[in-house]
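Below is one structure, written out as structure tokens; comments come after it.
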Amino acid sequence: MAIYKLNTPISEEEVRKLYVNDIIYITGTIITARDQAHKRALDYIKQGKPLPVSFEGLAIYHCGPVVSKVGDKWTVVAAGPTTSTRMETLEYEFIENFKARVIIGKGGMGRRTVEAMKRFGVVYGAFVGGAGTLAAKAIKAVKGVEWLDLGVPEALWILNVEDFGPLIVAIDSHGNNLFEEAIKRAEERKPLIYEKLGV
Amino acid sequence: MNVAKVVEDLAVDLLRLAVVELPFDVKEALQRAFQEEESEVAKMQLKAILDNVELAEKERTPICQDTGLIAFYVRAGACAKGLDLMEGALYNATRRATKEVPLRPNAVNPLTRVNSGDNTGWLTPYIHWEIALGDVVEITAFPKGAGSDNMCVLSVLTPAEGMKGLKRFVIDAVMRAGAQPCPPNILGVGIGGGPDVAMKIAKEALLRPLNQANPDAELAKLEKELYEAVNMTGIGPMGLGGKFTVLGVNVKCAFTHTGSLPVAVAFQCWAARRATAKLYPDGSIEYITHKVVR
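Residue numbers (the working numbering), protein chains in the order written: chain A, 2 to 200; chain B, 16 to 309.
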């Protein structure tokens, strides 16, 4: 369990050094993207349209923040992660096309994304689900927002962060997956649990 | 008393309280889990949760960015004045709280996905009415996040499957949900009724504080048995492994049809937000779930 401080843009080399159970803190730029933003980004590729912002070497954050606006200045009030599995069907293509290096979320992702992470050199950093205030403390400024027509939670929020974390490397670029390990252990215990319940 | 105004102000207050400050029983359960958890990763998750809860309380900002889909449970004394004005007041309160707290605008049209921007829409906020004796109105704000709500499941078992089938269904639901509903969770298990009633009482079961025992001894025993069995999975805080997959299991029952056995499991995330107050005819307010200094 090593601790790493990463600055964006993050290189493939830096990511390949990371293994599950490592802890990372990110400084630089992270961009939120949920279901609708993933869908639109992939639609743009099909249509050959450029994205309004580049993800290369950055972190994608599965998050829909609570924001407040005073004048024309946005502030993030709370910004914990959302459930990543909802993006599972879209993430492989997203990683392949937009070259982000870290995916931040909660709950982990499925086989296909793990495969993409292995292939392209990406890690999954798990932030504590629901810890919205803690996350907001590490967000220093809103650099911009795109696709606000999708609604506040679904828009792309481009955030300036300082030591954003702790993020546990829960899926690394070598095919290890802490969530899968926990579920596997639970599956192994299931017969024992059924027995205890007399079912 | 201007009922509409008083109820609106109170409901804004309850929504704010709910999203910035956990009820006492939930905080206590999280602290206990932190003390008893053994693995380093699990302890780290719970530490971050407790730090976050403390920070949110101090800064009066939402604990979690998912401030939920808004629901109110109203236990209305039949003799209370102005009951006809309360629905409008609760809608207004939702709009105001969205701006003032602020809450994240979460309510969208399910077909077009267009966001109303103020957390209101068809049947939103959802208001659950109960008529009681007397003239006191008890209001509970119950904003519920999607991460845990998305894991809720319902099944209509056959009577032959019975208690065994029911227990199996709960364990399987937890296994399927895994890390997704932000464990450690609270489970509401609704047994009986028709399918609609089963899910309704599963959610209502989540309103019962963790430190309040089930008044029915048999159900209390079932709760304990399920609690221990679910924690044997070792899914743990945030699904990264550990002793606490759930903080509690609350069961609620209704009589059901002789040919049927509906079972519903409602998941609540660790950020189990609810706030309750009683409004008296003279306009005075008593907060039940939170300590409020005025």
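The beta carbon of each residue, even a glycine, is placed where N, CA and C say it ideally should be.
Interface residues of chain B facing residue i [CB-CB closer than 8 Å]
| i | result |
| --- | --- |
| residue 178/A | Simply none; closest approach about 11 Å. |
| residue 169/A | 56, 59, 255 |
Extent of the continuous alpha helix (DSSP H) run through residue i
| i | result |
| --- | --- |
| residue 275/B | Run containing residue 275/B: none; DSSP gives neither H nor E here. |
| residue 33/A | Segment 24-33 is the beta strand (DSSP E) holding residue 33/A; no alpha helix (DSSP H) there. |
| residue 3/B | Any answer about residue 3/B is impossible in this case: the structure gives chain B only from 16 up to 309. |
| residue 87/A | Segment: none, residue 87/A is in no alpha helix (DSSP H) and carries neither H nor E. |
| residue 172/B | Here residue 172/B belongs to no alpha helix (DSSP H); instead the beta strand (DSSP E) covers 168-172. |
| residue 56/B | 55-74 |
| residue 107/B | 101-115 |
| residue 242/B | 232-246 |
| residue 163/B | 161-164 |
| residue 115/A | 112-121 |
| residue 61/A | Unbroken run through residue 61/A is the beta strand (DSSP E), 60-62; no alpha helix (DSSP H). |
| residue 194/A | 179-198 |
| residue 206/A | The requested residue 206/A does not occur in the structure, where chain A is confined to residues 2 to 200. |
Contacts of residue i in chain B (Cβ-Cβ under 7 Å)
| i | result |
| --- | --- |
| residue 126/A | Under the 7 Å cutoff, chain B gives no residues; its nearest Cβ is about 12 Å from residue 126/A. |
| residue 78/A | 76, 77, 117 |
| residue 190/A | 247, 248, 249 |
| residue 200/A | 179, 182, 183 |
Where the beta strand (DSSP E) through residue i begins and ends
| i | result |
| --- | --- |
| residue 145/B | 141-147 |
| residue 170/A | 157-172 |
| residue 200/B | 200-208 |
| residue 105/A | 103-106 |
| residue 290/B | 290-294 |
| residue 7/A | 4-8 |
| residue 35/B | Looking at the DSSP string, residue 35/B is not in any beta strand (DSSP E); the run it does join, the alpha helix (DSSP H), is 18-35. |
Under 8 Å between C-beta atoms of residue i and residue j
| i | j | result |
| --- | --- | --- |
| residue 59/B | residue 130/A | no |
| residue 30/B | residue 156/B | yes |
| residue 158/B | residue 33/B | yes |
| residue 140/B | residue 162/B | no |
| residue 263/B | residue 160/B | no |
| residue 105/A | residue 121/A | no |
| residue 241/B | residue 185/B | yes |
| residue 199/A | residue 170/A | no |
| residue 100/A | residue 165/A | no |
| residue 123/A | residue 103/A | yes |
| residue 79/B | residue 65/A | no |
| residue 148/B | residue 92/B | yes |
| residue 224/B | residue 40/B | yes |
| residue 289/B | residue 117/B | no |
Interface residues of chain A facing residue i [CB-CB closer than 8 Å]
| i | result |
| --- | --- |
| residue 118/B | 67 |
| residue 70/B | 134, 135, 138 |
| residue 137/B | Ordered by position in chain A, no residue passes the 8 Å Cβ test against residue 137/B, which lies about 17 Å from the chain. |
| residue 121/B | 154 |
| residue 256/B | 179, 182, 183, 186 |
Candidates the options: closest to residue i by CA position
| i | options | result |
| --- | --- | --- |
| residue 84/A | 238/B, 206/B, 193/B | 193/B |
| residue 205/B | 280/B, 64/B, 94/B, 68/B | 280/B |
| residue 48/B | 127/B, 170/B, 285/B | 285/B |
| residue 57/B | 308/B, 258/B, 296/B | 258/B |
| residue 68/A | 189/A, 176/A, 138/A, 172/A | 138/A |
| residue 113/B | 38/B, 77/B, 67/B, 54/B | 77/B |
| residue 203/B | 168/B, 143/B, 87/B | 168/B |
| residue 59/A | 36/A, 95/A, 77/A | 95/A |
| residue 7/A | 172/A, 107/A, 28/A, 140/A | 28/A |
Exposure label - residue i; buried when at least 16 CB within 10 Å
| i | result |
| --- | --- |
| residue 270/B | exposed |
| residue 17/B | exposed |
| residue 52/B | buried |
| residue 36/B | buried |
| residue 265/B | buried |
| residue 19/A | buried |
| residue 101/B | buried |
| residue 306/B | exposed |
| residue 82/A | buried |
| residue 75/A | buried |
| residue 174/A | buried |
| residue 39/A | buried |
| residue 28/B | buried |
| residue 173/B | exposed |
| residue 20/B | exposed |
| residue 199/B | buried |
Within chain B, partners of residue i - CB distance below 9 Å
| i | result |
| --- | --- |
| residue 3/A | What residue 3/A touches in chain B: nothing, since even the nearest Cβ is about 13 Å away. |
| residue 1/A | The question about residue 1/A has no answer here: the residues shown for chain A are numbered 2 through 200. |
| residue 37/A | 128 |
| residue 50/A | Those within 9 Å of residue 50/A in chain B number zero; the least Cβ separation is about 20 Å. |
8 Å Cβ cutoff, residue i in contact with chain C
| i | result |
| --- | --- |
| residue 183/B | No chain C is part of this structure, whose protein chains are labelled A and B. |
Contacts that residue i makes with chain A (C-beta to C-beta distance below 7 Å)
| i | result |
| --- | --- |
| residue 285/B | 131 |
| residue 82/B | 67 |
Amino acids of chain A, ordered along the chain, whose beta-carbon sits closer than 9 Å to that of residue i
| i | result |
| --- | --- |
| residue 40/B | Ordered by position in chain A, no residue passes the 9 Å Cβ test against residue 40/B, which lies about 17 Å from the chain. |
| residue 268/B | Near residue 268/B there are no residues of chain A at all, since even the closest Cβ is about 18 Å away, more than 9 Å. |
Distance cut-off 7 Å: residue i Cβ against heavy atoms of the ligand ADP
| i | result |
| --- | --- |
| residue 297/B | The ligand ADP is absent from the structure shown, which contains no ligands of any kind. |
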